[in-house]
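Numbering (the UniProt record's numbering), first residue to last: 1 to 95.
A virtual CB, placed ideally from N, CA and C, is assigned to each residue, including glycine.
Just so we're clear, the structure is a prediction, and the values are computed from it rather than from any experiment.
For reference, the structure discussed in these notes is given below.
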Amino acid sequence: MNDLSSLETNNEKPTAENALPVYSRGQLALRNGQDRDEIWVAYQGLIYDVSRSRLWKRGNHYEHWAGQDLTRELDHDAPHNANVFDKFTVIGRLG
């Protein structure tokens, strides 16, 4: 079986998203705006750098805390949709 057939079998196609580095929840947690200057949040498996946003200074935005996967709380409780992340840089995937 060649590499292409294994990709087709797994329904995976090479994308820019697959080329992103993978970070653990522990690595994400260190980018909470308290321990380091980097402020990252995860949403739907992607990690976003929100460090430059004035809304995320000190690692929190309303009741949301940086350094975490916010998927569940944003999908159920946030007044906005996933488009809010379009203005931020995707820097990795949550592993």
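**OP:** Check whether the Cβ atoms of I39 and G59 sit closer than 8 Å, and answer yes or no.
**Re:** The sequence position of residue 39 within the sequence shown is 39, counting from 1. The sequence position of residue 59 within the sequence shown is 59, counting from 1. For the pair I39 and G59, the CB atoms are nearer than the 8 Å cut-off.
Original post:
Would DSSP call D37 helix, strand or coil?
Top reply: Position 37 of the sequence shown holds residue 37. The three-state secondary structure of D37, taken from DSSP, is coil.
Original post:
Tell me which same chain residues have a C-beta within less than 7 Å of the C-beta of H64, skipping the five on either side of it?
Top reply: The residue given as residue 64 occupies position 64 in the sequence shown. Closer than 7 Å at Cβ, skipping near neighbours: L70, E73.
Original post:
With a CB to CB cut of under 7 Å and the five nearest residues on each side skipped, what residues in its chain are close to R54?
Top reply: Translated into the one-based positions of the sequence shown, residue 54 becomes position 54. Taking R54 as the centre and dropping the five residues before and after it, the same chain places no C-beta closer than 7 Å to its C-beta.
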